[in-house]
Each structure stands twice: as structure tokens, then as C-alpha cells.
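A.B. asks: Same order as they appear, the protein sequences are chains A and B.
With our numbering, the residue at position 122 of the first sequence is 122, and numbering never jumps.
With our numbering, the residue at position 56 of the second sequence is 56, and numbering never jumps.
No residue lacks a Cβ here, since even glycine has one placed at the ideal position from N, Cα and C.
Provided herewith is a single structure, encoded as C-alpha cells, for subsequent inquiry.
2 protein chains.
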Amino acid sequence: MNTLSYGLLSILAQSSFSGYDLMLRLQPFWPAKHSQIYPLLASLEKEEYVSYEHVAQSDKPDKKVYSLTDKGKQALRDWLSEPAAEPVTRDELMLKAYCLSNTDPEGARRLFSARLEYYRKRLRQHEDKAALLRERGEFPMNGEAPPFESIRFGSYILVEKALRTTRSNIEWTEWALSLLPLPE
Amino acid sequence: MNTLSYGLLSILAQSSFSGYDLMLRLQPFWPAKHSQIYPLLASLEKEEYVSYEHVAQSDKPDKKVYSLTDKGKQALRDWLSEPAAEPVTRDELMLKAYCLSNTDPEGARRLFSARLEYYRKRLRQHEDKAALLRERGEFPMNGEAPPFESIRFGSYILVEKALRTTRSNIEWTEWALSLLPLPE
DNA sequence: GCGCTCATGTAAAAAGTTACATGATTTC
DNA sequence: GAAATCATGTAACTTTTTACATGAGCGC
Numbered sequence: 001m002n003t004l005s006y007g008l009l010s011i012l013a014q015s016s017f018s019g020y021d022l023m024l025r026l027q028p029f030w031p032a033k034h035s036q037i038y039p040l041l042a043s044l045e046k047e048e049y050v051s052y053e054h055v056a057q058s059d060k061p062d063k064k065v066y067s068l069t070d071k072g073k074q075a076l077r078d079w080l081s082e083p084a085a086e087p088v089t090r091d092e093l094m095l096k097a098y099c100l101s102n103t104d105p106e107g108a109r110r111l112f113s114a115r116l117e118y119y120r121k122r123l124r125q126h127e128d129k130a131a132l133l134r135e136r137g138e139f140p141m142n143g144e145a146p147p148f149e150s151i152r153f154g155s156y157i158l159v160e161k162a163l164r165t166t167r168s169n170i171e172w173t174e175w176a177l178s179l180l181p182l183p184e
Numbered sequence: 001m002n003t004l005s006y007g008l009l010s011i012l013a014q015s016s017f018s019g020y021d022l023m024l025r026l027q028p029f030w031p032a033k034h035s036q037i038y039p040l041l042a043s044l045e046k047e048e049y050v051s052y053e054h055v056a057q058s059d060k061p062d063k064k065v066y067s068l069t070d071k072g073k074q075a076l077r078d079w080l081s082e083p084a085a086e087p088v089t090r091d092e093l094m095l096k097a098y099c100l101s102n103t104d105p106e107g108a109r110r111l112f113s114a115r116l117e118y119y120r121k122r123l124r125q126h127e128d129k130a131a132l133l134r135e136r137g138e139f140p141m142n143g144e145a146p147p148f149e150s151i152r153f154g155s156y157i158l159v160e161k162a163l164r165t166t167r168s169n170i171e172w173t174e175w176a177l178s179l180l181p182l183p184e
């Protein structure tokens, strides 16, 4: 049982999903490719943390829909009671920033402008998701938080984190760009 | 040549360092263990991206001090002209937050309090480092940025990033804690 | 004496990415 | 007709972590 396994169980705690759906939903928190997820799901099923049922579809390929077993739920609760590992971030742009004097202002501007666009795109995605969740009635309309006991509480604070982090990153990137020599 | 290799070259662009120093300096941007760095340095030396000289020490063990070769400098410039890959963050607490309704308020408070302490410690470290760099005269005293051409420009914007990110994370964690049911 | 820092390395295991493989439906 | 999405899987490879290995000096 590694962190990715618990990640899968965490998503399944909300609802049942196919391996494909699990992969998409896990991306924002613990990026993983389908080639890592499918074999893991098979082993989690073998160890009885999850079970699945075959669901035939007419318009799309058939799928396996996975659910948490009692053993899986218990494993999730045990894992939640342990302290969380420290976060790890790897960002190539930070390495490039470190030795930025080895490029020219144009090269630097290209790097930071591309990153700014990336962050802005991410912000739009997060805002769209927040709007969708509000429209769907999953978040209260009055701007208040769902109660702690609700299964929506987690999503609520995570959307807020994504928005804050992305806005902070945008502000920093704009600030860094403003320090670069003006293009002529 | 993978990203970690370029990370090593990026640090060496500032000054020459031992493998041990390189490991420590790389931690904030691209965490890696010494067991990954030493063999990589050997292969970078073999491919003539870096060279080293043996430095005998009386109080501490002898060390190999690595420097960038001309080939290494050119590789660094070529790499800088390419766009940076997207950042990757993996944070176990975000997974735990997602299924937080599967624990009690006490468990949730433990998780977020521990994270808040971690972020506060990190903030102190970053503030200390900023103060040190100012005292050493590496950053201008008046609060302005070093010029873009200076080798300090990169450190300057990276320290600012670390401070902004950590403060934003602290604020979010405090906000999340404030939403948890009061302990009695 | 015990643990920490400095210092370098190798070996094995685990985690993650890329490529190979297939195939229907839908959208441009 | 080409590309994207949904859907699942395996194989090969790269990257990262953990464990094994050694050893001197320093502070408590």
C-alpha cells in the first residue's frame, strides 16, 4: 500500500468510478498515468481493498466500476489517522530561474510568459470547476463552507487551495516579468 | 541528460561545489538523495559536462569539487532556450483532505495543525535565508531587485517565490483550521 | 559513548513515464 | 479523413527512494 493506492481509495470514498475516471480525478492531487493505475487497481482488488462490477456501455467501451470494500474503508480510516508526508514539488522553471543570467532577457521573457499563460489557464479551469460545483448545489450558494461532516467539505477546501495557490503563482510570475529589462 | 542533470549544472553555474553541497542546494528546487547525485556527477564528468578537483580537508573528509566545463556551459544555455516543463506537486495532505469526512474533527485538526507548523518552520527558514543574503550584500539593501544580468537575480526572485508561496499556504491552512468544529 | 554533520559511493527495490497494443464513437 | 475521448491492459525503460557500506571530527 503506497500513497497512490490510498489516493485511489480516497477518490472511491466519494463514489464508485472506473479506472479511467479515477485517473482523471486523481490528476490534480497525485498525477499518475493509466499504465500505473490499472495494474494497481488489479492488485487492490486482489487484496480486497476494492471490488468491481462490469458495466456494459453501448456508445462507449465497457468499463469496470470500482467500489470500496469494508477492508478498503478501514484502511482509509487508519491511513487518515497517520500524519501526512511533506509535500514535494519539482519545477523545471525554478531551476532555470536559478541560472537565468545565462540567457538573454528575451529568453527569460519567453520562459516566464509561457508559465504565466499556463497559470492563467489553470486558474480558469479551477474557477470553472468551482462554478460548476456551486451550480450543481454541491457547495452552498451563500459562499459559506459545507459542514465538516459533509463529503463536500474536502472538495470545498481543495478548490479554495487551488484558487489561492494559482493566484499567488500568477502574481509572482507577473512580478518577475516586471523586473525583466523592457523589450525593444 | 535529464532534468536532474541540468539542475546540477544550474547550481554549478553560480560557483563550484562538492556533490554533497550540490545535493543540499538542489533540495528546494529538485529534491534528490545523494545516491542519485553521486553516480550522475560521475557520468556528467565522463561526458565532460563537468570536471572536478580533489580537495583535501583536515577537519572534514576530503571532497571532490565540481566545476562547469565549456561543454557544460553550452548545454546549460541550450537548455535555457527551451520551454520549461510543467511543475509537478504531490501532496499527501491533499489526498487526505479529499476524503476528510472519513475521520473525526480531532484527526482533521491534527493533520492541519501539523501542516501549519511545517509551513511556519519553512517560512522562518526562508526569512532567515533572505536576511542572510541581504547581510552578505548579495541583495541590495534598499529592497530593490539586483539587475537582471547579475548572477543574484535568480536567487532573488526564487527567495521571493518561496516566501509568497509559503505565506499563501499558511493562510490557507489557518483558514481550513478555522472551518473545523471547535475542540471541546 | 551517542548522535549529528560532512563526505562518497553501490545495490536493490519502488515509483513513475513512455511505448506498444486495440478498438468503437464522436467531433472538426 | 484525422484527431480526440473513452476504455483497458502490458512491457520496457527511467527516475527516485531505501538500504547497505565506511569513516573522521564535533558537541553534549
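Beta carbons nearer than 9 Å to chain A: which residues of the stretch 139 to 171 of chain B have them?
C.D. replies: Ala145, Pro147, Phe148, Glu149, Ser150, Ile151, Arg152, Phe153, Gly154, Ser155, Tyr156, Ile157, Leu158, Glu160, Lys161, Arg164, Thr165, Arg167, Ser168, Asn169 and Glu171
A.B. asks: Just to confirm, are Leu180 (chain A) and Phe139 (chain B) a CB contact at a threshold of 8 Å?
C.D. replies: By 1-based counting over the first sequence, the position of residue 180 (chain A) is 180. By 1-based counting over the second sequence, the position of residue 139 (chain B) is 139. Not in contact: Leu180 (chain A) and Phe139 (chain B) (Cβ atoms no closer than 8 Å).
A.B. asks: What does the alpha-carbon distance come out to for the pair Leu111 (chain A) and Leu182 (chain A)?
C.D. replies: Here residue 111 (chain A) refers to the residue found at position 111 of the first sequence. Here residue 182 (chain A) refers to the residue found at position 182 of the first sequence. If I take the Cα positions, the gap works out to 15 Å.
A.B. asks: How about Arg115 (chain B) and Ala162 (chain A): do their beta carbons lie closer than 8 Å?
C.D. replies: Working through the second sequence from its first residue, we reach residue 115 (chain B) at position 115. Working through the first sequence from its first residue, we reach residue 162 (chain A) at position 162. Contact: no.
A.B. asks: Rounded to a whole number of angstroms, what is the C-alpha to C-alpha distance between Lys73 (chain B) and Leu40 (chain A)?
C.D. replies: Sequence index remark: in the second sequence, residue 73 (chain B) carries index 73 (1-based). Sequence index remark: in the first sequence, residue 40 (chain A) carries index 40 (1-based). Between Lys73 (chain B) and Leu40 (chain A), the C-alpha separation is close to 42 Å.
A.B. asks: Hey, Thr165 (chain A) and Ser168 (chain B): beta-carbon distance below 8 Å or not?
C.D. replies: For the purposes of this step, residue 165 (chain A) is taken as the residue at position 165 of the first sequence. For the purposes of this step, residue 168 (chain B) is taken as the residue at position 168 of the second sequence. Cβ atoms of Thr165 (chain A) and Ser168 (chain B): closer than 8 Å.
A.B. asks: Could you tell me which residues DSSP puts in a beta bridge with His54 (chain B)?
C.D. replies: Counting from 1 along the second sequence, the entry for residue 54 (chain B) is found at position 54. Per DSSP, B:Lys64.
A.B. asks: Cutting at 8 Å between CB atoms, please list the residues of its own chain near His34 (chain A), excluding the five before and the five after it.
C.D. replies: Numbered from its first residue, the first sequence carries residue 34 (chain A) at position 34. Taken in chain order, the residues that qualify are Gly19, Tyr20 and Met23.
A.B. asks: Using CA coordinates, which residue listed in B:Trp79, B:Ser15, B:Met141 and B:Lys121 is at the minimum distance from Asn2 (chain B)?
C.D. replies: Within the second sequence, residue 2 (chain B) is the residue found at index 2, counting from 1. For the set B:Trp79, B:Ser15, B:Met141 and B:Lys121, the Cα lying nearest the Cα of Asn2 (chain B) is the one of B:Trp79.
A.B. asks: So, with DSSP's three-state summary, where would you put Ser15 (chain B)?
C.D. replies: The residue given as residue 15 (chain B) occupies position 15 in the second sequence. Three-state DSSP puts Ser15 (chain B) in coil, outside helix and strand.
A.B. asks: Suppose contacts are defined by Cβ-Cβ distances below 8 Å. Is Tyr66 (chain A) in contact with Phe17 (chain A) by that definition?
C.D. replies: One-based indexing of the first sequence puts residue 66 (chain A) at position 66. One-based indexing of the first sequence puts residue 17 (chain A) at position 17. Going by C-beta atoms, Tyr66 (chain A) is nearer than 8 Å to Phe17 (chain A).
A.B. asks: Can you tell which of B:Tyr38, B:Pro28, B:Gly154 and B:Ser15 has its C-alpha closest to the C-alpha of Ser5 (chain B)?
C.D. replies: As a working note, residue 5 (chain B) is residue 5 in the second sequence. Nearest C-alpha to Ser5 (chain B): B:Tyr38.
A.B. asks: Roughly how many whole angstroms lie between the Cα atoms of His126 (chain B) and Ile151 (chain A)?
C.D. replies: Reading the second sequence from its first residue, position 126 is the one you call residue 126 (chain B). Reading the first sequence from its first residue, position 151 is the one you call residue 151 (chain A). His126 (chain B) and Ile151 (chain A): Cα-Cα distance of roughly 36 Å.
A.B. asks: Using beta carbons (cut-off 8 Å, strictly below), is Asn102 (chain A) in contact with chain B?
C.D. replies: Position 102 of the first sequence, counted from the first residue, corresponds to residue 102 (chain A). Cβ-Cβ to chain B under 8 Å: yes for Asn102 (chain A).
A.B. asks: Which residues does DSSP pair with Thr89 (chain A) in a beta bridge?
C.D. replies: Taking the first residue of the first sequence as 1, we reach residue 89 (chain A) at position 89. For Thr89 (chain A), which the question treats as bridged, DSSP gives the partners B:Thr89.
A.B. asks: Report yes if the C-beta distance between Ala97 (chain A) and Gly137 (chain B) is below 8 Å; otherwise report no.
C.D. replies: To locate residue 97 (chain A), count along the first sequence from 1; it is residue 97. To locate residue 137 (chain B), count along the second sequence from 1; it is residue 137. Not in contact: Ala97 (chain A) and Gly137 (chain B) (Cβ atoms no closer than 8 Å).
A.B. asks: Residues of chain A with CB closer than 8 Å to the CB of Ile37 (chain B), please, in chain order.
C.D. replies: Reading the second sequence from its first residue, position 37 is the one you call residue 37 (chain B). The contacting residues do not exist; Ile37 (chain B) stays about 14 Å from chain A at best.
A.B. asks: Quick one: give me the first and last residue of the alpha helix (DSSP H) that Glu117 (chain B) is part of.
C.D. replies: The count along the second sequence starts at 1 and reaches residue 117 (chain B) at position 117. In the DSSP annotation of this structure, the continuous segment of the alpha helix (DSSP H) that includes Glu117 (chain B) starts and ends at Pro105 to Glu135.
A.B. asks: Buried or exposed: Ser10 (chain A), going by 16 or more other Cβ atoms within 10 Å of its Cβ?
C.D. replies: Numbered from 1 along the first sequence, position 10 holds the residue referred to as residue 10 (chain A). Counting Cβ neighbours within 10 Å, Ser10 (chain A) comes out buried, since at least 16 surround it.
A.B. asks: Val55 (chain A) and Lys63 (chain A) look like a contact to me (Cβ under 8 Å); what is the Cβ gap, rounded to whole Å?
C.D. replies: Counting from one through the first sequence, the residue named residue 55 (chain A) turns up at place 55. Counting from one through the first sequence, the residue named residue 63 (chain A) turns up at place 63. Their Cβ separation, rounded to whole angstroms, is 5 Å, which keeps Val55 (chain A) and Lys63 (chain A) in contact under 8 Å.
A.B. asks: Please report the straight-line C-alpha distance between Ala42 (chain B) and Leu12 (chain B), rounded to a whole angstrom.
C.D. replies: The sequence position of residue 42 (chain B) within the second sequence is 42, counting from 1. The sequence position of residue 12 (chain B) within the second sequence is 12, counting from 1. Their backbone Cα atoms lie some 15 Å apart in a straight line.
A.B. asks: In chain A, what lies closer than 9 Å to Asp91 (chain B) by C-beta?
C.D. replies: Taking the first residue of the second sequence as position 1, residue 91 (chain B) is located at position 91. Those are Phe29, Trp30, Ala84, Ala85, Glu86, Pro87, Val88 and Thr89, listed as they occur along chain A.
A.B. asks: By alpha-carbon positions, which one of A:Asn102, A:Ser81 and A:Gln57 ends up nearest to Leu93 (chain B)?
C.D. replies: Here residue 93 (chain B) corresponds to residue number 93 of the second sequence, with the count starting at 1. Here the closest residue by C-alpha is A:Ser81.
A.B. asks: Can you tell me whether Asp128 (chain A) is buried or exposed, with buried defined as 16 or more other CB within 10 angstroms of its CB?
C.D. replies: The residue labelled residue 128 (chain A) in the question sits at position 128 within the first sequence. That one is exposed.
A.B. asks: Output, in chain order, the set of chain A residues within a Cβ distance shorter than 9 Å of Leu80 (chain B).
C.D. replies: Your numbering for residue 80 (chain B) matches position 80 in the second sequence. Those within 9 Å of Leu80 (chain B) in chain A are Lys96, Cys99, Leu100, Asn102, Thr103, Gly107, Ala108 and Leu111.
A.B. asks: Could you check how far apart the C-beta atoms of Thr103 (chain B) and Arg77 (chain A) are, in whole angstroms? I think they sit under 8 Å.
C.D. replies: Counted from its first residue, the second sequence places residue 103 (chain B) at position 103. Counted from its first residue, the first sequence places residue 77 (chain A) at position 77. Contact between Thr103 (chain B) and Arg77 (chain A) holds: their C-beta atoms lie close to 7 Å from each other, under 8 Å.
A.B. asks: Please identify the residue among B:Gly107, B:Leu100 and B:Arg122 whose C-alpha is closest to the C-alpha of Gln14 (chain A).
C.D. replies: Counted from its first residue, the first sequence places residue 14 (chain A) at position 14. Of the candidates B:Gly107, B:Leu100 and B:Arg122, the one whose C-alpha sits nearest the C-alpha of Gln14 (chain A) is B:Leu100.
A.B. asks: For Trp30 (chain A), which of helix, strand or coil comes out of DSSP?
C.D. replies: The count along the first sequence starts at 1 and reaches residue 30 (chain A) at position 30. Three-state result, Trp30 (chain A): coil.
A.B. asks: Do we get a CB-CB distance below 8 Å when we pair Pro61 (chain A) with the residues of chain B?
C.D. replies: The residue labelled residue 61 (chain A) in the question sits at position 61 within the first sequence. With 8 Å as the cut-off, Pro61 (chain A) does not count as an interface residue toward chain B.
A.B. asks: Of the choices A:Glu48, A:Glu174, A:Pro87 and A:Tyr156, whose alpha-carbon is the least far from that of Ala176 (chain B)?
C.D. replies: On the second sequence, residue 176 (chain B) is found 176 positions in, with the first residue counted as 1. Of A:Glu48, A:Glu174, A:Pro87 and A:Tyr156, the residue nearest in Cα terms is A:Tyr156.
A.B. asks: Within the 8 Å Cβ cut-off, does Ser10 (chain B) reach chain A?
C.D. replies: To locate residue 10 (chain B), count along the second sequence from 1; it is residue 10. At least one CB of chain A lies nearer than 8 Å to the CB of Ser10 (chain B).
A.B. asks: Starting from the beta carbon of Thr3 (chain A), find every residue of chain B whose beta carbon is closer than 9 Å, and list them in chain order.
C.D. replies: Walking along the first sequence from the start, residue 3 (chain A) turns up at place 3. Correct list: Arg90, Glu92 and Leu95.
A.B. asks: I'd like the list of long-range same chain contacts for Leu123 (chain A), defined as Cβ closer than 6 Å, with 5 residues on each side in sequence excluded.
C.D. replies: For the purposes of this step, residue 123 (chain A) is taken as residue 123 along the first sequence, with counting starting at 1. Thr166.
A.B. asks: Using alpha carbons as the reference points, say which of A:Arg134, A:Arg120 and A:Pro28 lies closest to Thr89 (chain A).
C.D. replies: Numbered from 1 along the first sequence, position 89 holds the residue referred to as residue 89 (chain A). Comparing Cα-Cα distances from Thr89 (chain A) to each of A:Arg134, A:Arg120 and A:Pro28, the minimum goes to A:Pro28.
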